[in-house]
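The structure appears right after this line, and notes come after that.
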Amino acid sequence: MGIQEFREKINLRLYKSKGLVNRIMKIGVFVASIVALATLVYYYGFPQTDSSKSYLIGIFKSTFVVYILNYIIQFIYDFEPIDFLKRTWVEGMVMLFLVVEGISYNLFDHLLISSFFTNLGFANVGEYTNLLIQLYFLIVVWYEIGKGSNILPRLKINPSGLFLGIFVCIIIAGAGLLMLPEMTTIEGGMSFIDAIFTATSAATVTGLAVQDTALFFTFKGQMIIMLLIKFGGLNVIAFGSFIALFSKFGVGVKQHSVIEDFFNKNNLMSARGMLAKVIIWSLFIEILGAVLTFFAWSPDIPFKSVNEKIFFSIFHSISALNSAGFSLFSDGLHEEIVRDNYLVHNIMCILLFLGALGFMAIFDIFSIKRIRERIKMPWKSLEFATKISLYFSLGLVLVGAFFFYIFEGNYSLKGQTNVLENISHSIFQSVTTRSGGLNTVDISALSLPTVVVFMFLMFIGGASSSTGGGIKTSTFAIIWAATISTIKNKKRTELFSYNIQGNLVLRAYSVFLFFAIGLLLGCFGLAYTETSLIESGSFTFIDIIFEEVSAYGTVGLSRGVTSSLSMWGKVILVLSMFAGRVGMLTVAYAFTKESLSTNYKFADGHTMVG
C-alpha cells in the first residue's frame with residue numbers, strides 16, 4: 001500500500017467527523033483566547049503579588065495547550081498536510097516555539113529560547129513573547145470566526161456603520177484599559193470621562209490631552225496610548241481592505257463611493273492586499289524614524305536607561321507618522337531639554353508630512369515599481385490624486401510657514417535671532433498644524449493673525465487616505481479648481497490638465513458643507529458649556545474656537561484650554577474628534593438609506609446665486 005493510498009483511506013475515515021471536530025476546536029480556541037485575554041488584562045492592569053503572578057502565568061500558559069492541540073488536529077484533518085504546513089507556516093513556527101519552550105520548561109525548569117535572548121541582554125523576553133503570541137492567536141481566531149460567520153450579513157450593517165462601530169469598539173476598549181489602576185501614577189486610576197477623552201484622542205490620532213501624558217501615565221498607560229494611535233492610524237485603510245476582503249456584506253454604490261474617498265481608487269478590487277501593504281510600509285517608516293530619532297536625541301536629555309530612550313524614539317515616531325500629536329514630554333517638543341534639538345525636530349517634521357500626505361501618494365512616489373516605470377517611460381507622471389496631495393500639501397506648508405515667520409517675530413519667536421532656527425520652527429509648525437499636533441513653540445503665545453492662519457490650515461487638514469483630518473486637500477483642491485473655472489466661465493472643472501467629473505465636485509462641496517456645519521455646532525456647544533470659563537478671563541472665545549477646530553480637524557494643538565474644560569465641554573470635543581476622524585459624510589452615510597431609484601428627472605430650476 002502506497003503512502004498516497006494510505007492517506008486517502010485516513011481522509012475517508014476522518015471525513016465524517018471533520019466538521020464536528022473543527023467546530024468544537026474553534027469554540028475551544030475562542031474560549032481559550034478570551035480567558036487568556038482576560039488574564040492578561042488582570043495581570044498587567046492590577047497590582048500583583050508573587051503568588052498571584054505565578055497563578056495567572058499558569059493560566060496563561062495553559063491556554064497554549066489548546067492552540068497546539070488545535071493546530072495538530074487541523075494538520076491531521078487536512079486532506080493535503082504538506083500544503084497545510086505551507087499555508088500556515090507562520091502559525092507553525094509559533095507552535096514550534098511553544099512546543100520547544102514547553103518541553104524545555106518541564107524538563108529543565110527554564111525556557112530555552114527566552115533564556116537564550118535573556119543571556120544576550122534582552123530583559124523580560126518571556127513576558128513579551130507570551131503577549132505577542134496571545135494577541136496573534138486572538139487575531140487569527142477573530143479572523144476565522146468573521147470569515148465563517150453569517151451574523152453580520154443578517155444584521156445588514158452597511159460599511160459606513162461597520163466603520164463607525166470599529167472605531168467605537170477601539171475607543172471603549174482603550175478607555176477601559178486606561179482606567180485600570182496600573183495605567184496611571186495616581187491612586188484610584190483615571191476618571192471615566194477623562195479615559196474616554198484620552199482614548200478618543202489617541203484612536204482618532206488627535207493628540208489633545210486632559211492629563212499630562214508624560215507624568216500622569218505609567219509605562220503601561222503610555223504603551224496603551226501608543227497602541228491606540230497605531231490602531232487608529234491604520235483603521236481607515238483597514239476598513240477599506242476589510243470591505244474588499246469581506247464583500248459578502250453587499251457593497252452598494254453608496255458604500256463604494258465611501259471606499260473611493262479613502263483610497264483615491266475607482267476600483268474596489270484594488271483594495272485587496274492594501275492592509276498588508278500599508279502595515280509593512282508604515283512599520284518600515286516608523287522603525288526608520290525611531291532609529292534616526294534614537295541617534296538624534298541630545299545627550300543633555302536625562303533618559304533613565306537605554307530602554308527608555310528606545311521607547312521615547314518609537315513613541316514619537318509612531319505619534320508623528322500617524323499625526324497623533326502625543327508626546328512623552330510635558331510641553332511637547334517645546335520642552336526646554338528638547339526645544340533646541342533641531343535634528344529631532346526635522347525628523348519629526350518629515351514623518352508628520354508623510355503622515356499627512358497619505359499612503360496612496362507615498363506608494364505612488366516612493367514604490368520601486370513606480371520609480372522604475374517613470375525611468376523607463378519618462379512621459380508617465382504621478383497619478384492625479386498624488387499630484388493633488390503633494391503639490392497642495394507643499395503649497396499649504398509654504399504659505400503657513402511664510403505667515404508664521406512674518407507674524408511671530410514678536411510673539412512665539414521673540415528673542416530668537418537665528419534666522420535658520422526661526423525658519424525651522426516656521427516650517428515645522430506649518431506642517432504640524434495641518435494635522436500633526438506636535439509643537440516646537442508655545443501655542444498659547446501665538447499672535448492672533450497666526451491663530452487665524454492655523455485654524456485655516458487645520459480646517460483643510462491632510463490628504464485623503466492619510467492619517468490627517470480636516471476637509472482634506474483633495475476637497476480643497478477640487479473646490480479651488482471649481483471656483484477658478486466658475487470665475488473664468490469654463491464649462492468644465494479642470495486641474496493639472498485633468499477634467500474633474502461633476503459628481504466629484506458635488507461630493508467635495510458636500511464634504512465642505514458637512515464639515516462646516518459640524519464645526520459650527522461644536523463651536524456653538526462650547527460657547528454654551530464654557531461660558532463661565534470665558535467670563536472668568538482665563539481664556540478667550542478665540543481660544544475655545546481654536547480648541548474646537550483643533551479637535552474637529554484631529555490636529556491636537558491647544559492653547560491650554562483642554563484640561564480646564566467642563567465635563568460637557570469634554571463630551572463635545574470627544575464627539576468632534578470622532579466625527580472629524582471618520583468624517584461627517586461617513587456618519588451621514590451610516591444613518592441614511594440608499595435611494596431606491598435615480599431613474600427620474602424633475603424640471604430644471606433657475607434662481608439667482610450670490
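Each residue of the sequence shown is one higher than the last, beginning at 1 in this note's numbering. Idealized CB from N, CA, C, for every residue including glycine.
Residue from the options whose Cα sits closest to the Cα of residue i
i: Ser563; options: Thr554, Val555, Leu573; result: Leu573
i: Pro181; options: Val549, Val555, Ser393, Tyr43; result: Tyr43
i: Ile479; options: Ser466, Ile460, Gly468; result: Ile460
i: Arg559; options: Ser54, Val210, Phe79; result: Val210
i: Glu421; options: Gly233, Gly437, Ala401; result: Ala401
i: Phe548; options: Tyr528, Leu352, Gln222, Gly537; result: Correcting the residue identity first, residue 548 is Glu in this sequence and not Phe. Looking at the Cα atoms, Tyr528 is the closest of the given residues.
i: Phe217; options: Ser104, Gly45, Lys414; result: Gly45
i: Tyr77; options: Arg13, Leu37, Thr493; result: Arg13
i: Gly437; options: Ile423, Trp379, Leu457; result: Leu457
i: Asp331; options: Gly556, Ala195, Thr531, Thr49; result: Gly556
i: Val338; options: Lys18, Ser474, Phe312; result: Phe312
i: Lys61; options: Thr386, Leu413, Asn106; result: Asn106
i: Val168; options: Phe578, Met608, His606, Val505; result: Phe578
i: Gly207; options: Ile406, Ser435, Glu80; result: Ser435
i: Ala385; options: Gln416, Asn503, Ala477; result: Ala477
Neighbourhood of residue i by C-beta distance below 7 Å, restricted to the same chain and skipping five residues each side
i: Ile229; result: Ala202, Val205, Ile318, Ser319, Asn322, Ala324, Phe326
i: Ile362; result: Trp281, Leu354
i: His334; result: Asn439, Thr440, Val441, Asp442
i: Gly620; result: With the chain running from 1 to 610 in the structure shown, residue 620 is simply not present.
i: His345; result: Leu333, Ser424, Phe428, Thr440
i: Ser566; result: Thr529, Glu530
is_contact[residue i, chain C] using C-beta, thresh 9 Å
i: Pro181; result: Checking the listed chains, one finds no chain C in this structure; it contains a single protein chain.
Extent of the continuous beta strand (DSSP E) to which residue i belongs
i: Tyr498; result: 498-500
i: Thr493; result: 493-495
Residue range of the unbroken alpha helix (DSSP H) whose run includes residue i
i: Thr483; result: 473-487
i: Ala209; result: Run containing Ala209: none; DSSP gives neither H nor E here.
i: Leu611; result: The structure shown does not extend to residue 611, since the chain is modelled only from 1 through 610, so no value can be given for it.
i: Ile337; result: Counting along the chain, Ile337 falls outside any alpha helix (DSSP H), and DSSP gives it neither H nor E.
i: Ala199; result: 192-203
i: Ser426; result: 419-431
i: Thr106; result: Before going on, a small fix: residue 106 reads as Asn here, not Thr. From DSSP, the alpha helix (DSSP H) with Asn106 extends over 89-108.
i: Leu565; result: Neither: Leu565 is in no alpha helix (DSSP H) and is coded neither H nor E.
Beta-carbon contacts of residue i that lie in its chain and below 8 Å, excluding the five residues immediately before and after
i: Ile542; result: Leu448, Val451
Beta-carbon proximity check, residue i vs residue j, cutoff 9 Å
i: Val41; j: Leu227; result: no
i: Leu390; j: Leu357; result: yes
i: Tyr67; j: Val29; result: yes
i: Ser282; j: Gly232; result: no
i: Val35; j: Ile59; result: yes
i: Ile691; j: Val571; result: This structure leaves residue 691 out entirely; the chain is present only between 1 and 610.
i: Ala508; j: Thr475; result: yes
i: Ala214; j: Gly174; result: no
i: Phe359; j: Ser497; result: no
i: Leu446; j: Ser412; result: yes
i: Ile350; j: Gly395; result: no
i: Gly537; j: Gly470; result: no
i: Thr646; j: Ile347; result: The first residue shown for the chain is 1 and the last is 610, placing residue 646 beyond what the model contains.
i: Thr473; j: Ser393; result: yes
Same chain, Cβ closer than 6 Å to residue i, five either side skipped, listed in chain order
i: Phe403; result: Val453
i: Glu383; result: Asp364
Residue i, DSSP secondary structure in three states
i: Thr184; result: strand
i: Phe46; result: coil
i: Phe303; result: coil
i: Phe539; result: coil
i: Phe217; result: strand
i: Val609; result: coil
i: Leu20; result: helix
i: Gly583; result: coil
i: Asn322; result: coil
i: Asn599; result: coil
i: Met611; result: The chain is shown from 1 up to 610; residue 611 falls before or after that span and cannot be answered.
i: Arg370; result: helix
i: Met179; result: coil
i: Pro378; result: coil
i: Leu333; result: helix
i: Glu80; result: coil
i: Tyr411; result: coil
i: Glu548; result: helix
i: Arg281; result: First, the residue type needs correcting, since residue 281 is Trp and not Arg in the sequence shown. Correct three-state label for Trp281: helix.
i: Ser247; result: Low confidence applies here, because Ser247 scores a pLDDT of 44, under 50, leaving its location unreliable; read the following figure in that light. Helix, per DSSP.
i: Ser464; result: coil
i: Ser62; result: helix
i: Tyr438; result: For the record, residue 438 in the displayed sequence is Leu; it is not Tyr. Correct three-state label for Leu438: coil.
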